[in-house]
Every structure is written in structure tokens, then in C-alpha cells.
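For reference, the structure discussed in these notes is given below.
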Amino acid sequence: MKAALAALIVGLLLAPLPAVAHHAFAAEFDSNKTVTVKGTVDKVEWTNPHIWIYVDTKEENGTVTRWQCEGGSPNTLTRQGWSRDSLKPGQQVSIEGFRAKNGSNTCNSRVVTTADGKRLFARSSFGSNRAVLL
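Residue numbers for the sequence shown follow this note's numbering, beginning at -9 and rising by one.
In C-alpha cells, the structure reads:
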């Protein structure tokens, strides 16, 4: 009986650890610095806790800049209509989001718009965590 009680207590104490390890939006991104990333999808990492969309943008001088954009969790996005095939390498997209506080080419995606005008809501951690396929 004491062993079962001890195991229960340890389990309850350890249960919140994954949630604590997860970052907060405000720790990494600036809600006052919106950004629109337009370019070509290089790859999409469909992994927990968030998907990552890598986009190559072409600057006016011809140089290519790689952006990485965080999206919602695969589970949340799937329930809202996304699939692993929603975005494919080579596809043109425009991603509206919030820039990383550290100034890197990183953003927290809010909306992804494909070349055919389809809008995919991709919020990961700011405000509503809903993702809707329109």
C-alpha cells in the first residue's frame, strides 16, 4: 500500500514536467512585430509539439533567405483540416505571423495562404490555438 501511494505521488509530481518544458509565445515571439513571409516551401516538418514550415524567400538583389515558421501541433491542425500534404516543397505561399524576438528569420505562423488563395489558419500558441482550413 505504501509503495502504491509513493508511486502515485511521484507520478503526480512528474506529470506537469512536459507542460513546463513547453515554451510560451511571449518568450520567443513579439506580438507587436508582424511579418509576412512570401516564398517557396522548402520543407515541412510535421512533428510535435509544433510543425515547422521552411520557406525560401527571394530578396530584391536576388539572394535567397530561408525562413522557419512555427505552426500549431499536428494533432490540432489535423482536426481542423490540415494534412501532411497541405503544403508541399516547391509550393508558393504567403505566411502571416509574428517575428522572433531575437531578430532571426523565424516566425510564429498565424495564417498560411497558398498560391490558389486557400487560407490555412496555423496559430500555434498566441491567442486562439485554432487552425481552420478555409
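Virtual Cβ for every residue (Gly too), placed ideally from N, Cα, C.
Inset, instruction - Taking only the alpha-carbon atoms, compute the straight-line gap between V0 and A16 and give it to the nearest angstrom. - result: Here the model assigns V0 a pLDDT of 46, short of 50, so the residue's position is not dependable, and the following value carries that caveat. Computed Cα separation, rounded: 31 Å.
Inset, instruction - Could you work out which residue in N98, L110, G61 and V31 is closest to R55 when comparing CA atoms only? - result: A small correction: the amino acid at residue 55 is Thr; Arg does not occupy that position in the sequence shown. Out of N98, L110, G61 and V31, V31 has the C-alpha closest to the C-alpha of T55.
Inset, instruction - Flag this pair as yes or no: are the beta carbons of W72 and C59 separated by less than 8 Å? - result: no
Legend entry - Residues bridged to I85 (per DSSP): V27 and V102
Inset, instruction - Identify the continuous alpha helix (DSSP H) that holds R146 and give its terminal residues. - result: Because the chain in this structure spans residues -9 to 124, residue 146 falls outside the shown range and cannot be described.
Inset, instruction - Closer than 8 Å by C-beta to D20: which residues in its own chain qualify, once you throw out the five before and the five after it? Chain order, please. - result: F88, R89, A90 and K91
Inset, instruction - May I ask you to report which of helix, strand or coil DSSP gives A90? - result: strand
Inset, instruction - In angstroms with no decimal places, state the Cα-to-Cα distance between K48 and G29. - result: 7 Å
Inset, instruction - Kindly give me the distance between the Cβ atoms of H40 and S76, rounded to whole angstroms, as I take these residues to be in contact under 8 Å. - result: In fact, because the Cβ distance is near 15 Å, the residues do not count as touching under 8 Å.
Legend entry - the ligand PLP heavy atom lying under 7 Å from the CB of T96: With respect to the ligand PLP, the structure shown offers nothing to examine, as it has no ligands at all.
Legend entry - A112 vs G80 beta-carbon contact at 8 Å: no
Inset, instruction - Could you tell me the distance, in whole angstroms, from the CA atom of S86 to the CA atom of G52? - result: Sequence check: residue 86 is Glu here, not Ser. Computed Cα separation, rounded: 22 Å.
Inset, instruction - May I ask you to report which of helix, strand or coil DSSP gives E18? - result: helix
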